[in-house]
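2 protein chains.
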Amino acid sequence: MTTRPVTLREVAKLAGVSIATASKALNGQPQVRASTRDRVLRAAEQLNFSPNTLAQGLITQRSGTVGLLTSDLEGRFSIPILMGAEDAFGSDQTSVFLCDARGDNVREKHHLRALLSRRVDGLIVVGARPDARPSLGELPVPVIYAYAPSEDPADLSLVTDNIGGGRLAVDHLIRHGRRRIAHITGDATYGAAQDRATGALARLAEEGLELAGDQVWFGNWSEAWGRGATRMLLQRDPEIDAVFAGSDEIARGVLDVLHQEKLDVPSQVAVIGFDNWNILAANARPPLSTIDMNLEQLGRLAAQRLFAAIGGTLGSGTETVPCRLITRESTAPVG
Amino acid sequence: MTTRPVTLREVAKLAGVSIATASKALNGQPQVRASTRDRVLRAAEQLNFSPNTLAQGLITQRSGTVGLLTSDLEGRFSIPILMGAEDAFGSDQTSVFLCDARGDNVREKHHLRALLSRRVDGLIVVGARPDARPSLGELPVPVIYAYAPSEDPADLSLVTDNIGGGRLAVDHLIRHGRRRIAHITGDATYGAAQDRATGALARLAEEGLELAGDQVWFGNWSEAWGRGATRMLLQRDPEIDAVFAGSDEIARGVLDVLHQEKLDVPSQVAVIGFDNWNILAANARPPLSTIDMNLEQLGRLAAQRLFAAIGGTLGSGTETVPCRLITRESTAPVG
DNA sequence: AGGCGTACCGAAAAGGTTTTCCGGAACGTA
DNA sequence: TACGTTCCGGAAAACCTTTTCGGTACGCCT
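Same order as they appear, the protein sequences are chains A and B.
Just so we're aligned, residue 1 is where the first sequence starts under the UniProt record's numbering, counting upward by one.
Just so we're aligned, residue 1 is where the second sequence starts under the UniProt record's numbering, counting upward by one.
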């Protein structure tokens, strides 16, 4: 418990060699005889030696750590990204410092300072909402902005292709023979809401279709809004045969009201959501088709880009990650 | 970008003092004249100096880091705990390494080794489900088990008071005049399911009440089970006036079927959930009363205990954190 | 026998900081 | 003037590892 960790010096002594050779033996350097290497390895094993990473970092000028600076840990977006990143780095070489700024600028600065003090090799910044956020500016380590892009085009950002996602959703509905497609979505001030709508409208236009319900129903990202909007929508246009919801939460509200109105899903009305938030989508009645933003992949990609940037040089601009269609039972071919 | 960080040596040179005095000045040591300290501080400011934490850790034998070893990052339980811990440590002194073992034992060992190599000052282990898990055994740093207790009573574990939670839920229903209370819950192999049922039954017994529906309805933690169980329950006993659901997911299923059966919530049947999983509970129709496990507080507590243990000595045994009632509209006094 | 190349190992510096201990200056006192 | 105090500042060791460079031993060639 209170015993100090064993050092290389002790391993060396037990193996009867110098510290230098012990180090070389353990790191697979060639200038050491096989028999000697064996002795060292056995000694290390016996003492359960594990090298002090701090000391290693001090001399190699590489700490083997990265900072993950998120703004909403409770949010459902940071987590998959975080997992993807953690996954890509692996525990072998790199460990991840997790910092949640809680959307507070001061706290973010604080965390940033702490991370730089710890000499992280790089930084991934995950925004809370998919709109551009202020750049951290010039830093001594490479930075990747994930989910929320940086305002500064000189930074490297990785974001979801929301336009493509909207297009994908509508395309799916069209392929299943739906013609009267409505779109209920969240807060109009979110770029994501705008982009998804843009993609949806573009795909409709290609097919020569109009949006059902006369408009895009912007509101907020809640189930309650999904319910309210659906009621208004049905009043305006009872003939719809599909709804594209801007989030799975909204889709749940849509489903709820459709049930109340005795409209069967999917035979009469198809519903597709967005986010593939499993707990909502998979447990819906019927299980909800939806668009997955591939956030883990985004996280993995961020880690890979960062890894490549460490030592090398970082790109710039915004890279988008495509969405993926998840087909469940809430959408089906007509007839 | 590629410029190496400034060191204490450079600060000292700029201030015209030795490295030793620079260090003392920055750390508030008394043996330095105020004017000298000022010079150093200004120099540090000017160079934007931030001390190399690796070097500090090397000499002080304290890295200022802790490891957070979780088994299900995607799960909803680790996250609040993680937030609480992150919160309690603050960014000032301590940073958190996040490691997700994905429920894999080998990966856990791997991560553990890496963390020890980084000379973390302590460890918090967050289990995936609230049943006892294997101990990590004797380690050179203090370890706290959160959410899932360690099998070894010599370890210190912090868990939710599920019995108290079950009691709390039923107590709330009773106080609101409900008499025919049923309990639908998840997987019977989960200690949490057993404990919540135990607490619920105990409170009923105190009141001289029987459980409605003849049994505790164990199944799994899904919305679908909530629906299925409710149908069976209504067939068995149509006269119930309250349902205590073992999770918010299940509660959502219960609500769904009650709506189908034209039973009004809460006037005819009250429903209370468990977890206070906001997205499910707050957006339900009507918003769901539920039991909150105070997981952030559990996380904060874990951090505090760990903090106290670092340097000092760690306690042992299992400490429980009480639950908290969240009242929304799905429960209301009868009449 | 002398010279040379190869294979192996160790001494020592380096990385950036903290901390102990000591020396010098300034000052007051006898 | 001699001496004791107090106050500041610096030299150097320590933390643990990696890496460079030099040295030894040995076999081989001429």
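In this text, a Cβ means the ideal position worked out from N, Cα and C, and glycines have one as well.
Could you give the DSSP three-state label for residue i: helix, strand or coil?
i: Glu239 of chain A; result: coil
i: Ile183 of chain B; result: Inspection of the sequence shows that residue 183 of chain B is occupied by His rather than by Ile. Here His183 of chain B sits in strand by DSSP.
i: Gly253 of chain B; result: helix
i: residue 423 of chain B; result: Outside the modelled stretch of chain B, which goes from 1 to 335, sits residue 423 of chain B, for which no answer is possible.
i: Gly299 of chain B; result: helix
i: Ile163 of chain B; result: helix
i: Val143 of chain B; result: strand
i: Phe89 of chain B; result: helix
i: Leu263 of chain A; result: coil
i: Gly213 of chain B; result: coil
i: Asp195 of chain A; result: helix
i: Ala270 of chain A; result: strand
i: Glu223 of chain B; result: helix
i: Tyr190 of chain A; result: coil
i: Arg328 of chain A; result: coil
i: Leu201 of chain A; result: helix
i: Phe307 of chain A; result: helix
i: Ala245 of chain A; result: strand
i: Ser316 of chain B; result: coil
i: Asp155 of chain B; result: coil
i: Met232 of chain A; result: helix
State the Cα-Cα distance for the pair residue i and residue j, rounded to the nearest angstrom.
i: Arg328 of chain B; j: Gly311 of chain B; result: 44 Å
i: Leu325 of chain B; j: Gly165 of chain A; result: 40 Å
i: Arg175 of chain A; j: Asn276 of chain A; result: 20 Å
i: Ala245 of chain B; j: Leu209 of chain B; result: 18 Å
i: Glu74 of chain B; j: Leu73 of chain A; result: 12 Å
i: Arg179 of chain B; j: Ile163 of chain B; result: 20 Å
i: Leu8 of chain A; j: Gln61 of chain A; result: 19 Å
i: Leu314 of chain B; j: Arg102 of chain B; result: 27 Å
i: Leu26 of chain B; j: Ile19 of chain B; result: 11 Å
i: Asp92 of chain A; j: Glu86 of chain A; result: 11 Å
i: Gly194 of chain B; j: Ser247 of chain B; result: Per the sequence shown, residue 194 of chain B should be read as Gln rather than Gly. When rounded, the distance between both Cα atoms is 13 Å.
i: Arg42 of chain B; j: Ala22 of chain B; result: 11 Å
i: Leu116 of chain B; j: Arg300 of chain A; result: 25 Å
i: Thr65 of chain A; j: Ala148 of chain B; result: 28 Å
i: residue 337 of chain B; j: Ala154 of chain A; result: Residue 337 of chain B lies beyond the range of chain B shown here (1 to 335); nothing can be said about it.
i: Tyr145 of chain A; j: Val170 of chain B; result: 47 Å
i: Ile184 of chain B; j: Ala55 of chain A; result: 55 Å
Applying a beta-carbon distance threshold of less than 7 Å, which residues of chain B neighbour residue i?
i: Glu319 of chain A; result: Here the premise fails: no neighbours, minimum Cβ distance about 20 Å.
i: Ala55 of chain A; result: Leu58
i: Arg113 of chain A; result: Ser50
i: Met83 of chain A; result: Leu73, Glu74, Asp100
i: Ser63 of chain A; result: Leu54
i: His110 of chain A; result: Ser91
For residue i, go through chain A and note every residue whose CB falls closer than 9 Å to its CB, in chain order.
i: Ile279 of chain B; result: Arg76, Glu223, Glu249, Trp277, Ile279, Leu280
i: Pro51 of chain B; result: Ser117
i: Cys99 of chain B; result: Glu86, Ser91, Ser95, Val96
At 9 Å on the CB atoms, spell out the chain B contacts of residue i, in chain order.
i: His172 of chain A; result: Those do not exist, as His172 of chain A stays about 24 Å from chain B at its closest Cβ, beyond 9 Å.
Evaluate residue i with the Cβ neighbour count: other Cβ atoms within 10 Å of its Cβ, from every protein chain shown; 16 or more gives buried, anything less gives exposed.
i: Ala308 of chain A; result: exposed
i: Arg113 of chain B; result: exposed
i: Ala205 of chain A; result: exposed
i: Asp241 of chain B; result: buried
i: Asp292 of chain B; result: buried
i: Ser71 of chain A; result: buried
i: Val269 of chain A; result: buried
i: Arg33 of chain B; result: exposed
i: Pro80 of chain A; result: buried
i: Met1 of chain A; result: With a pLDDT of 47 at Met1 of chain A, under the threshold of 50, the modelled position of this residue cannot be trusted, and the question is left open.
i: Pro142 of chain B; result: buried
i: Ala188 of chain A; result: exposed
i: Arg4 of chain A; result: exposed
i: Asp121 of chain A; result: buried
Going along chain B, which residues have a C-beta under 8 Å from residue i?
i: Asp256 of chain A; result: Arg285
i: Met232 of chain A; result: Correct list: empty, because the minimum Cβ distance to chain B is about 17 Å.
i: Ile79 of chain A; result: Leu73, Glu74, Ile79
For residue i, return the contacting residues in chain A, with the cut-off set at a CB-CB distance below 8 Å.
i: Thr3 of chain B; result: Pro140
Taking the runs of the alpha helix (DSSP H) that are 4 residues or longer, which of them lie wholly in the region 8 to 70 of chain A?
-> 8 to 15, 19 to 26, 34 to 47, 53 to 60
Hey, which unbroken runs of the beta strand (DSSP E) at 3 residues or more fall wholly within the region 106 to 131 of chain B?
-> 122 to 126
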